[in-house]
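Participant:
Residue numbers (this note's numbering): 352 to 700.
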């Protein structure tokens with residue numbers, strides 16, 4: 352986090368730990384307001400990897416699950432980076448600004464991901480670096496977020512994943528049940544924009560934004576779940592995070608085989624967990640009726656639900672999810688209920 356941006360957020364009342372805004376003093380109210388009001392959320396808990404050089408596009412095309420040729424200054428995409436066995440090491444939002452590609456991912460994933468992917472640059476004319484402090488980035492969300500932003504910024508993207516570049520800002524429209532935007536820009540202009548929006552918006556902690564990702568059914572891979580899932584297990588194919596026409600990339604053979612020849616036994620569901628205890632990525636699910644030798648499932652991401660308990664995404668054995676007899680950790684653990692996702696999954700018969 353830029354020191355000047357840190358100072359600005361501290362002055363605005365942010366409670367910050369390890370470059371992540373925990374809250375602006377009232378986390379319970381913040382969790383409630385994200386569903387109905389205009390909110391601002393600093394996204395410094397997300398890191399940025401910049402990729403440039405004359406071979407940048409070709410290099411990324413051979414590494415990521417999505418077709419990098421579709422990324423431009425006007426369009427972003429979700430994508431993933433896999434092992435040769437097709438297991439996701441990390442996933443990203445990929446966008447372009449001023450000719451450079453940017454991969455947005457959790458700060459906790461950045462160092463290991465950058466180190467590994469750099470191993471394969473070899474003779475390619477590619478430069479990759481941690482660019483987390485190159486740009487300030489925050490999120491804007493709410494039922495009328497589009498109208499509030501349009502009163503300040505000249506042009507906004509209208510379709511999910513599209514980008515507008517206006518007044519020095521890079522604005523990305525994100526999926527969700529509300530209007531949501533990620534905004535990137537230089538320090539001074541971002542401070543100005545935040546102050547304009549703060550007149551009508553409630554600043555909220557990072558967990559609120561992650562909670563909106565859960566409602567949207569957007570997975571995030573953390574160190575605890577790195578190499579745990581093939582992309583289809585986390586519904587990446589359903590949210591336009593995988594291209595099956597682009598050709599070879601690391602892990603492509605396994606991912607393609609699963610799509611065309613395999614039958615997926617596990618996929619990601621949205622769930623509610625009746626607990627006040629913290630739920631973490633990688634936590635295991637339990638079902639006394641499960642016949643899976645791996646157990647019924649695993650948490651992808653979880654955040655406090657404004658109505659109590661935890662809202663989460665979890666990769667679950669489909670038969671166990673349909674049976675509905677799920678608990679967290681063990682037979683004495685809290686009850687889990689399966690909720691709907693805002694998109695459909697094509698199930699093979």
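All C-beta atoms, glycine included, are put in the ideal place defined by N, C-alpha and C.
If you draw a straight line from the C-alpha of residue 406 to the C-alpha of residue 476, how long is it?
Facilitator: The alpha-carbon atoms of residue 406 and residue 476 are separated by roughly 5 Å.
Participant: Would you list the residues sitting across from residue 444 in a DSSP beta bridge?
Facilitator: Looking at the DSSP assignment, residue 444 forms a beta bridge with 429, 455.
Participant: Distance check for residue 584 and residue 449, CA to CA, integer angstroms please.
Facilitator: Rounded to the nearest angstrom, the two C-alpha atoms are 34 Å apart.
Participant: Cα-Cα, which of 653, 578, 579 is closest to residue 625?
Facilitator: Out of 653, 578, 579, 653 has the C-alpha closest to the C-alpha of residue 625.
Participant: Residue 412 and residue 600 look like a contact to me (Cβ under 8 Å); what is the Cβ gap, rounded to whole Å?
Facilitator: Rounded, the Cβ-Cβ distance is 7 Å, consistent with contact.
Participant: What is the C-beta distance between residue 575 and residue 647, in whole angstroms, given that I count them as a contact (C-beta under 8 Å)?
Facilitator: Their Cβ separation, rounded to whole angstroms, is 18 Å, which puts residue 575 and residue 647 out of contact at 8 Å.
Participant: Can you tell me the Cα-Cα spacing of residue 440 and residue 447, whole angstroms?
Facilitator: The alpha-carbon atoms of residue 440 and residue 447 are separated by roughly 22 Å.
Participant: What are the boundary residues of the beta strand (DSSP E) that includes residue 554?
Facilitator: First-last of the beta strand (DSSP E) with residue 554: 553 to 555.
Participant: Between which two residues does the beta strand (DSSP E) containing residue 611 stretch?
Facilitator: Per DSSP, residue 611 belongs to no beta strand (DSSP E); it is in the alpha helix (DSSP H), 603 to 611.
Participant: Decide if the segment 509 to 524 is in contact with the segment 555 to 562; the criterion is three or more beta carbon pairs, one per stretch, under 8 Å apart.
Facilitator: No, because fewer than three Cβ pairs between the segment 509 to 524 and the segment 555 to 562 fall closer than 8 Å, the two stretches do not touch.
Participant: In the structure shown, what three-state DSSP assignment does residue 620 receive?
Facilitator: In the structure shown, residue 620 sits in a strand (DSSP, three-state: E or B).
Participant: Would you say residue 399 lies against chain B (beta-carbon separation less than 8 Å)?
Facilitator: Included in the structure is just one protein chain, with no chain B present.
Participant: Taking C-alpha atoms, which residue in 645, 694, 662, 605 lies nearest to residue 630?
Facilitator: The shortest Cα separation from residue 630 among 645, 694, 662, 605 belongs to 662.
Participant: Reducing DSSP to helix, strand and coil, say where residue 413 ends up.
Facilitator: Looking at residue 413 - three-state DSSP - the assignment turns out to be coil, as it is neither helix nor strand.
Participant: Within its chain, find whatever has a CB closer than 8 Å to the CB of residue 540; leave out the 5 residues flanking it on each side and keep chain order.
Facilitator: Same-chain partners within the cutoff: 518, 519, 520.
Participant: Which of the three DSSP states is assigned to residue 478 in this structure?
Facilitator: The answer is strand: DSSP assigns residue 478 an E or B state.
Participant: Please determine if the segment 502 to 518 and the segment 461 to 480 are in contact, where contact requires at least 3 C-beta pairs separated by less than 8 Å.
Facilitator: Short answer: they don't touch.
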